[in-house]
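Visitor: One structure, as structure tokens, below. Some questions next.
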Amino acid sequence: MTKFVVTITPPTPNGDLHIGHIAGPFLGADVFTRVQRQRGHDCVLLSYSDDYQSYMLRKGLETGTDPVQLARSNTDRIEASLAAINIRPDNWMRPYRNPYFADAVRDVFEKAHKVGFIEFRDSMEPYCPDCDRWGYEAFARGLCNYCGAESDASQCENCAQAPDAELMGDLRCKLCRELSQWRSTNRAFLKLELFKPHLRDTLLNRKWRKPLDSWLHETLEHLHDWGVTRPGDAGLDLAADGSCRVHTWFMGLAGYMAAFREYADRIGQPELFRQYWQSGQGTLVHFLGFDCVFSHAVVYPAQLAVLDHLKVDQRFVPNQFLKLDGLNLSTSRNHAIWVGDLARQACADSARLYLASIAPEDSEGDFRLAHFLEWREEVFGTFFPALLNSAGQQGSDWWSGLCGADAGLLEALRLQWIAASEAARFSMKAMAAVLLDVIAITRTRLAEGRPVSHFVAFMAITGQSLIPDMAARLIEAFELPEARITATIMSGSAAEYSI
């Protein structure tokens, strides 16, 4: 039995969540957690609000709002949106002035510094004298020196590399649009080059979701020192004089550790940290947008290499971007669908299943609003009500159906679902495809007046992670023995459970 610590890349609390967030790491992490628990594994699902992100400072300036209050109110909205679509992390941490968070960040930073992997030195950094703002991240944008796309000087959304600000083109202040000037400041740098042999050994050729494997091969060839403090910017200050203000991308692993400790203490089981993080039985499973792979797949494994009190494996489950009706999601152009609005207008299960079916796992996805509304009416407005109404006429002969003429078909579907739900090659998109196939078959059989109890039994169990509310209704309406059917589907040995 594996112990999974499932993480969702912390969102910046400068607004609510839209469907792109959900179709990416949020729903993926939730479905993974639910299905691994079905498979008998222990899971803790964690995330937190990125309170110390420098974009919070800029949003505060643009709106005339205190960034701390802005983070609090938007975190309330984020948690409400997640609840509306039935995503319920075991702990959602709020890092601002959180002692768990501060202690974890200090622990990671000081251990890396003590063994010589972090060094302080003077460096030239982009600066706007008119606005009195450093251009480390939120306050400057230019052209990425790796791919040429527009980017800040932190992590490029297009190629997922960490740009070198001095090599970027046309780097300008975001507030006044003037070209950045350069000023010397003292910063701490993580010497990533020293980790290259370790990173090669632990990361390469592990069959990651495309295109992570090829990206890692390329990225590990040009590792460079990576600035981890930003004087005069956002971040958590580890020194009273502001000289050790650690930025958010460095703090992610510490954030997950802190969120876990906070959770374990809250439920009165502090020993869980040792069991999940130090026993060798634990695996961190990071769900993230591909634009965040540099911090998660390069920096955090490097940090773990110096945290000798931890013994935990890591897996990365990145996703690409989701489009809306063929266009990039954009809150500034009001081309977005907010999660709360979608959940209110539709239902959580329909949104979950549709978003899973178009999930941008290794290529871009596209949410077509008109298609979703038509599909939802057919499946959740017509089919499922008719199926529930038929429960009394169908009887409960699900077992003979599983073992009868459809046994081969159901076994093929079962094997597809088992493969898609395995941790090493998890795909909620493939899981959704299996569920949609079963729905289509059941819909045809129901219209023909044929028995469908065995398909309902299969649908209810394989649908628990994707459509949990409807799965529970099917189990109740058809009086299905949940544990028994689950055991049958997980083992594939029907004879073992014969009546």
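Each residue of the sequence shown is one higher than the one before, counting from 760 in my numbering. Cβ coordinates follow ideal geometry from the N, Cα and C atoms, glycine included.
(1) Assess, as a yes-or-no matter, whether the segment 826–841 is touched by the segment 1079–1094 under the definition of 3 or more beta carbon pairs within less than 8 angstroms.
(2) So is residue 846 buried or exposed if we call it buried at 16+ other beta carbons inside 10 Å?
(3) At which residues does the beta strand (DSSP E) containing residue 930 begin and terminate?
(4) Using C-beta distances below 6 angstroms, list every residue in its chain close to residue 911, excluding the 5 sequence neighbours before and after it, in chain order.
(5) Shortest alpha-carbon distance to residue 1013 belongs to which of 860, 786, 945?
(6) Would DSSP call residue 1015 helix, strand or coil?
(7) How should residue 990 be labelled, buried or exposed, when 16 other C-beta atoms within 10 angstroms of its C-beta is the threshold for buried?
(8) Under three-state DSSP, which class holds residue 1255?
(9) Taking only three categories from DSSP, how would you classify residue 1224?
(10) Alpha carbon to alpha carbon, how far is residue 763 from residue 1254? Give it in angstroms, no decimals.
(11) Can you give me the start and stop residues for the alpha helix (DSSP H) that residue 788 sits inside?
(12) Can you name the start and end residues of the beta strand (DSSP E) that residue 1103 belongs to?
(13) Cutting at 6 angstroms between CB atoms, please list the residues of its own chain near residue 923, excluding the five before and the five after it.
(14) So, at 7 angstroms on beta carbons, what are the nonlocal neighbours of residue 792 in its own chain, with the 5 sequence-adjacent residues on each side left out?
(15) May I ask you to verify whether the segment 944–958 touches the segment 984–998, counting CB pairs closer than 8 angstroms and requiring at least 3?
(16) Residue range of the beta strand (DSSP E) that residue 949 falls in?
(17) Would the segment 946–957 count as touching the segment 1057–1077 if we require 3 or more Cβ pairs under 8 angstroms?
(18) To the nearest angstrom, report how far apart residue 1095 and residue 1127 are at their CA atoms.
(19) Specify, as a first and last residue, the run of the alpha helix (DSSP H) that residue 1167 falls within.
(20) One question on the structure: do residue 771 and residue 797 come within less than 8 angstroms of each other, judged by their Cβ atoms?
(21) Is the beta carbon of residue 1045 less than 8 angstroms from the beta carbon of residue 1075?
(22) How long is the line joining the alpha carbons of residue 965 and residue 1205, rounded to whole angstroms?
(23) By a C-beta neighbour count over all protein chains shown, 10 Å radius and 16 as the cutoff for buried, is residue 1174 buried or exposed?
(24) From this set, 977, 1232, 948, which residue's C-alpha is nearest residue 881's C-alpha?
(25) Please state whether the Cβ-Cβ distance between residue 1231 and residue 1116 is less than 8 angstroms.
(26) Going by DSSP in three states, residue 1125 sits in which element: helix, strand or coil?
(27) Taking just the CA atoms, how far does residue 1064 sit from residue 877?
(28) Pull up the distance between the alpha-carbon of residue 1167 and that of residue 866, whole angstroms please.
Guide: Based on what the coordinates show:
(1) no
(2) buried
(3) 928–932
(4) 896, 900
(5) 860
(6) helix
(7) buried
(8) Residue confidence for residue 1255 is low, a pLDDT of 40 falling below 50, so the modelled location carries little weight and cannot support an answer.
(9) coil
(10) Low confidence applies to residue 1254: its pLDDT is 40, below 50, so where it sits in the model is not reliable, and the reading given next is rough at best. Cα to Cα, residue 1254 sits roughly 31 angstroms from residue 763.
(11) 786–797
(12) It is not in any beta strand (DSSP E) - residue 1103 instead sits in the alpha helix (DSSP H) that spans 1098–1104.
(13) 904
(14) 765, 802, 804
(15) yes
(16) 940–949
(17) yes
(18) 12 angstroms
(19) 1166–1180
(20) no
(21) yes
(22) 44 angstroms
(23) exposed
(24) 948
(25) no
(26) strand
(27) 13 angstroms
(28) 55 angstroms
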